[in-house]
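**Student:** Going by the UniProt record's numbering, the sequence shown opens with residue 1, and the numbers climb by one from there. Virtual Cβ for every residue (Gly too), placed ideally from N, Cα, C. Predicted, not measured: the structure shown is a model, and the values here were computed from it.
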Amino acid sequence: MTNLETSSALDLPNSLAALQLKLRSDSEKNQLNAIDALNALGEDGLPVLMEFLLERRDTPGRTEAKVYQTLFNTQATKVLDFLQQHFPTGIVPLKSERNIDYTELQKLLVEQKFQAADKLTIEKLCELAGESAVLRKWLYFTEVENFPIADLQTIDALWLAHSDYQYGFSVQRQIWLSVGKKWDKLWDKIGWKSGYNWTRYPDGFTWSLAAPKGHLPLSNQLRGVRVIAALFAHPAWTK
Numbered sequence: 001m002t003n004l005e006t007s008s009a010l011d012l013p014n015s016l017a018a019l020q021l022k023l024r025s026d027s028e029k030n031q032l033n034a035i036d037a038l039n040a041l042g043e044d045g046l047p048v049l050m051e052f053l054l055e056r057r058d059t060p061g062r063t064e065a066k067v068y069q070t071l072f073n074t075q076a077t078k079v080l081d082f083l084q085q086h087f088p089t090g091i092v093p094l095k096s097e098r099n100i101d102y103t104e105l106q107k108l109l110v111e112q113k114f115q116a117a118d119k120l121t122i123e124k125l126c127e128l129a130g131e132s133a134v135l136r137k138w139l140y141f142t143e144v145e146n147f148p149i150a151d152l153q154t155i156d157a158l159w160l161a162h163s164d165y166q167y168g169f170s171v172q173r174q175i176w177l178s179v180g181k182k183w184d185k186l187w188d189k190i191g192w193k194s195g196y197n198w199t200r201y202p203d204g205f206t207w208s209l210a211a212p213k214g215h216l217p218l219s220n221q222l223r224g225v226r227v228i229a230a231l232f233a234h235p236a237w238t239k
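Written out as structure tokens, the structure reads:
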């Protein structure tokens, strides 16, 4: 072993300890940086991430969601076995007041199959609205007003967790508020429109994390402004 290799081997425990401390007690920004650094260490860093996730399983937030997604993305057998054992339905509690199963949506999002997840999100919203909406495959804005809070929060939490908080209805709503509730400014900012040209579905949209913040899900594909306005006005985002 060379002197450089010996030095690196000796430094590793100290590096792991420092990153573990940062992951547990620092600001969110530093926590997220620590996750990337631990992931870059490969097999040496993964146990720290797994231990952290187990300790924080009852308080999932952005940091915990990124740890889960980072671990899943390694596709390492021992890591996938760990996730299956301790988090068989993911990190987001799949709550529903209408007994709707969000397991498949969770699966698609953790696999980052965003186009399929977007399509399923629309289907689940129609399912929430009832049989008539399921048959017609789109929503009336009055149906959105009656959505249970728990279900909308579950759908949103899944999108947030598996996009590093880049996608979700709550993200779109926050951007809408930041541009003074101006729809045209929102469409442009989230990549649904460029100038006078609407983004064409499906090929014009970006089905990855390379899109602008708030790009997904495509709620505007349901039935225009009144539907998305009803979504943004829903009490799910204030409770």
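1) Just how far apart, CA to CA, sit residue 248 and L216?
2) A157: which of W237, I175, W192, F52 sits nearest, CA to CA?
3) Report the residue from T142, E111, Q112, V110 whose alpha carbon sits nearest the alpha carbon of L125.
4) Looking only at its own chain, which residues have a Cβ that is under 6 Å from the Cβ of F147, when we skip the five neighbours before and after it?
5) Count the other CB atoms, across all protein chains shown, that sit within 10 Å of the CB of P13; report buried if there are 16 or more and exposed otherwise.
6) Give the secondary structure of R194 by DSSP, where H, G and I count as helix, E and B as strand, and everything else as coil.
7) Where residue 265 and L32 are concerned, what is the direct C-alpha to C-alpha distance, given to the nearest angstrom?
8) Mind checking which residues open and close the alpha helix (DSSP H) that includes A34?
9) What separation, rounded to the nearest whole angstrom, lies between the Cα atoms of F87 and D36?
10) State buried or exposed for D44, treating a residue as buried only when at least 16 other CB atoms are found within 10 Å of its CB.
11) Return the residue from the list V134, Q85, P212, F72 that minimises the CA-CA distance to L186.
12) Within the continuous alpha helix (DSSP H) that includes residue 243, where are the two ends?
13) Three-state secondary structure (DSSP) at T238?
14) Does the separation of the CB atoms of P202 and Q112 fall below 8 Å?
15) Rounding to the nearest angstrom, what Cα-Cα distance links residue 327 and D151 in this structure?
16) N146 lies in the alpha helix (DSSP H); which residues open and close that run?
17) Return the CA-CA distance between F82 and A230, expressed in angstroms with no decimal places.
18) Quick one: Cα of L139 to Cα of V227, how far?
**Tutor:** Result, derived from the coordinates:
1) Past the edges of the chain, shown from 1 to 239, lies residue 248, and the structure says nothing about it.
2) Your numbering for residue 157 matches position 157 in the sequence shown. Nearest of W237, I175, W192, F52 to A157, Cα basis: W237.
3) Taking the first residue of the sequence shown as position 1, residue 125 is located at position 125. Comparing Cα positions, the closest option is T142.
4) Taking the first residue of the sequence shown as position 1, residue 147 is located at position 147. Cβ within range, chain order: L128.
5) Residue mapping note: residue 13 aligns to position 13 of the sequence shown, counting from 1. Exposed, by the Cβ-count rule.
6) For the purposes of this step, residue 194 is identified with residue 194 of the sequence shown, where counting begins at 1. The identity of residue 194 in the sequence shown is Ser, whereas the question assumes Arg. Strand.
7) The requested residue 265 is not part of the displayed model; the chain covers only 1 to 239.
8) As a working mapping, residue 34 is identified with position 34 in the sequence shown. It spans 28 to 40 - the alpha helix (DSSP H) in which A34 sits, taken as one unbroken run.
9) On the sequence shown, position 87 is the one that residue 87 refers to. On the sequence shown, position 36 is the one that residue 36 refers to. When rounded, the distance between both Cα atoms is 21 Å.
10) Your numbering for residue 44 matches position 44 in the sequence shown. Per the 10 Å Cβ criterion, exposed.
11) Residue 186 sits at position 186 when you count from the first residue of the sequence shown. Answer by Cα proximity: P212.
12) Outside the displayed span of the chain (1 to 239) sits residue 243, for which this structure offers no information.
13) By one-based count along the sequence shown, residue 238 stands at place 238. In the structure shown, T238 sits in coil (DSSP, three-state: anything other than H, G, I, E or B).
14) The residue labelled residue 202 in the question sits at position 202 within the sequence shown. The residue labelled residue 112 in the question sits at position 112 within the sequence shown. In this structure, Q112 does not lie closer than 8 Å to P202 by Cβ.
15) Because the chain here runs from 1 to 239, residue 327 falls outside it and cannot be looked at.
16) On the sequence shown, position 146 is the one that residue 146 refers to. Per DSSP, N146 belongs to no alpha helix (DSSP H) and is neither H nor E.
17) Along the sequence shown, read from residue 1 onward, the residue named residue 82 stands at position 82. Along the sequence shown, read from residue 1 onward, the residue named residue 230 stands at position 230. About 40 Å.
18) Indexing the sequence shown from 1 puts residue 139 at position 139. Indexing the sequence shown from 1 puts residue 227 at position 227. Cα-Cα distance, rounded: 7 Å.
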